[in-house]
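Residue numbering for the sequence shown follows the numbering used here, starting at 17 and increasing by one per position. C-beta atoms are modelled at their ideal positions from N, C-alpha and C, and glycine is treated no differently. No experiment lies behind these values; they were computed from the predicted model shown.
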Amino acid sequence: MNRGIRNFFKTLPATYELINTILTFGLDSIWRRKAVRWATAGENGQRVWLDICTGTGQMARLSSKISSGNTFVVAADFSLPMLELARRKSSGSSISFSGADALHLPFGDRSFDCMTIGFATRNLNSIEGHLLQALREFHRALKPGGCFVNVETSQPRSKLIKKMFHLYVGLTVRPVGRIISGSGPGYAYLANSIRRFHDAERLKAILLEAGFARVEYKKLLFGAVAIHKAVK
Ligand SMILES: C[S@@+](CC[C@H](N)C(=O)[O-])C[C@H]1O[C@@H](n2cnc3c(N)ncnc32)[C@H](O)[C@@H]1O
């Protein structure tokens with residue numbers, strides 16, 4: 017399955033950002049920006065950040081732009097075509113890129129002051145136990161006191177809004193993804209991963225189980241998206 021996900025993301029780079037922009041009416045960029053701003057709150061001094069599952073590098077570029085001038089950003093992903101596009105889109109920045117599996121990070125303990133992840137914890141959740149394993153790995157690679165910030169789709173609390181959200185996902189993600197990227201099964205997988213993902217409270221509980229403390233979250237768009245911040 018992990019290989020399936022990896023192969024799927026190989027086919028997406030060229031159209032990935034365009035499809036997200038269409039499906040969210042451009043809100044995905046605003047959500048990433050909010051997450052990065054929350055991660056930078058209270059930062060000071062020299063810092064090393066990791067944006068894991070970086071895809072085309074949008075979160076990494078925002079981190080590099082919004083954080084203080086002393087911040088060094090590493091962007092990592094296990095899909096080399098995604099990473100290659102991220103590298104091209106980030107030319108002129110000081111971001112460094114690394115091929116890395118979130119489940120087995122090639123970084124030592126206590127390497128990073130902050131870690132971010134955008135719209136990818138759902139992928140880590142596709143295989144039983146992998147999400148918890150990855151979160152433990154992120155916790156290991158963070159310095160004590162370091163923060164982890166996750167922005168991801170979530171589940172609205174209101175049954176009616178949740179139904180409408182799932183209906184919207186069902187009607188749009190696969191058809192739009194298939195027409196623009198040509199990958200129908202890939203976007204069917206993404207639509208399913210949105211419907212199956214945890215609500216904000218459950219994700220908070222998993223972060224606590226992985227060893228994080230002071231877990232807080234903010235809900236966006238009636239709870240269809242959530243940003244979690246947790247501290248090691
Ligand atoms: C939906 S995209 C999100 C990309 C980007 N973070 C964003 O904000 O749009 C998911 C990304 O996670 C990567 N990914 C999925 N599972 C991974 C894993 N186990 N290790 C590293 N990268 C992974 C995929 O290759 C893909 O680039």
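Helix, strand or coil at residue i according to DSSP, with G and I counted as helix
{"i": "Phe24", "result": "helix"}
{"i": "Glu59", "result": "coil"}
{"i": "Leu121", "result": "coil"}
{"i": "Ser174", "result": "coil"}
{"i": "Phe113", "result": "strand"}
{"i": "Asn141", "result": "coil"}
{"i": "Asn166", "result": "strand"}
{"i": "Ala128", "result": "In the sequence on display, residue 128 carries Phe and not Ala. If DSSP states are grouped into helix, strand and coil, Phe128 belongs with the strands."}
{"i": "Ala221", "result": "helix"}
{"i": "Asp44", "result": "helix"}
Cβ neighbours of residue i in the same chain (closer than 7 Å, five flanking residues each side left out)
{"i": "Ala113", "result": "One point to set straight first is that residue 113 is Phe, not Ala, in the sequence displayed. Hits under 7 Å: Ala91, Leu99, Ala102, Arg103."}
{"i": "His182", "result": "Arg211"}
{"i": "Val52", "result": "Met75, Leu78, Ser79, Ile82, Thr132"}
{"i": "Tyr32", "result": "Gly71, Thr72"}
{"i": "Leu140", "result": "Ala118, His146, Leu147, Ala150"}
{"i": "Asp215", "result": "Ser170, Gln171"}
{"i": "Phe121", "result": "Contrary to the premise, residue 121 reads as Leu rather than Phe in this sequence. Contacts found: Glu153, Ala157."}
{"i": "Arg138", "result": "Glu168, Thr169, Ser209, Ile210, Phe213"}
Proximity test, residue i beta-carbon vs ligand 1 heavy atom, cut-off 8 Å
{"i": "Leu140", "result": "yes"}
{"i": "Thr30", "result": "Note on identity: in this sequence residue 30 is Ala, with Thr being the wrong assignment. No - ligand 1 has no heavy atom lying nearer than 8 Å to the Cβ of Ala30."}
{"i": "Ser106", "result": "no"}
{"i": "Thr40", "result": "no"}
{"i": "Ala136", "result": "yes"}
{"i": "Thr87", "result": "no"}
{"i": "Arg190", "result": "no"}
{"i": "Leu119", "result": "yes"}
{"i": "Phe228", "result": "no"}
{"i": "Ala116", "result": "yes"}
{"i": "Asp125", "result": "no"}
{"i": "Met75", "result": "yes"}
{"i": "Leu151", "result": "no"}
{"i": "Phe94", "result": "yes"}
{"i": "Thr72", "result": "yes"}
Other residues of its chain near residue i: CB distance less than 6 Å, five sequence neighbours each side excluded
{"i": "Lys234", "result": "Ile243"}
{"i": "Ile177", "result": "Phe238"}
{"i": "Ser109", "result": "Ser80"}
{"i": "Ala229", "result": "Val247"}
{"i": "Leu66", "result": "Val90, Phe128, Met131"}
{"i": "Lys159", "result": "Arg126, Asp129"}
8 Å contact criterion, which residue i and residue j should meet: CB distance rounded
{"i": "Gly73", "j": "Ser95", "result": "The Cβ separation is near 12 Å, so there is no contact."}
{"i": "Val241", "j": "Ser170", "result": "6 Å"}
{"i": "Val167", "j": "Arg48", "result": "6 Å"}
{"i": "Ile68", "j": "Phe154", "result": "7 Å"}
{"i": "Phe25", "j": "Tyr205", "result": "Going by Cβ atoms, the distance from Phe25 to Tyr205 rounds to 10 Å, so no, they are not a contact pair."}
{"i": "Gly186", "j": "Arg194", "result": "Between Arg194 and Gly186 the Cβ distance is about 13 Å, and since that is not below 8 Å, they are no contact."}
{"i": "Ser197", "j": "Ile35", "result": "6 Å"}
Cβ-based neighbour list, residue i, same chain, cut-off 8 Å, excluding 5 preceding and 5 following
{"i": "Met17", "result": "Here Met17 scores only 48 on pLDDT, less than 50, and its place in the model should not be relied on; the value that follows carries that caveat. Correct list, in chain order: Ser142, Ile143."}
Handout entry: Stretch pair the region 121–131 + the region 95–106: three plus CB contacts closer than 8 Å
Key = no
Exercise for the section: Specify whether the region 142–152 and the region 172–192 touch according to this definition: at least 3 beta carbon pairs, one from each stretch, less than 8 Å apart. Expected result: no
Exercise for the section: Count the C-beta pairs between the region 161–179 and the region 50–66 that are closer than 8 Å, then say yes if the count reaches three, no if not. Expected result: yes
Practice task
Taking 8 Å as the threshold, find out whether the region 38–46 comes into contact with the region 219–229 through three or more Cβ pairs.
Solution key: no
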